[in-house]
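Final position of the sequence shown in my numbering is 102; the numbers increase by one with none missing. Ideal Cβ positions, reconstructed from N, Cα and C, are used throughout, including at glycine. First up is the structure itself, then whatever we jot down about it.
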Amino acid sequence: MLKSALIVVAISIAAGATIRAWAFAIFAFLLVVALGAVILLKGSSFSDAIAYCLQALVLMEVSYLAGLFAYSLWEHMQKRRKRNSIAERAPMTGKRPHG
């Protein structure tokens, strides 16, 4: 269970940096439905399968949002660094060299 949770978290964080929210919502829903079917086929009760699927879905969504936030923060810091490096250059005076 811990390994599958770590895999779900890693995939969801990576998805937060790469795909749109609607695409991830569809992906997460389909993955949770498949997971629920596997749990039911193993012989668990329907309520256990629903509870486990809801936990996995919440974990996926929270991880997606964390990945989205981290990626947005990283992009913002990169833009700020780029903007600061341009500002540190010596300003052009507009004067022509003598000679």
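Leaving out five residues on either side along the sequence, give the residues of the same chain with a beta carbon under 7 angstroms from the beta carbon of residue 83. none
Cα separation between residue 72 and residue 46? 38 angstroms
Flag this pair as yes or no: are the beta carbons of residue 18 and residue 70 separated by less than 8 angstroms? yes
What is the DSSP secondary structure of residue 15, counted as helix, strand or coil? helix
Alpha carbon to alpha carbon, what distance is there between residue 59 and residue 52? 10 angstroms
Expressed to the nearest angstrom, what Euclidean distance is found between the alpha-carbon atoms of residue 43 and residue 34? 14 angstroms
Distance CB(residue 7)-CB(residue 66) smaller than 8 angstroms: no
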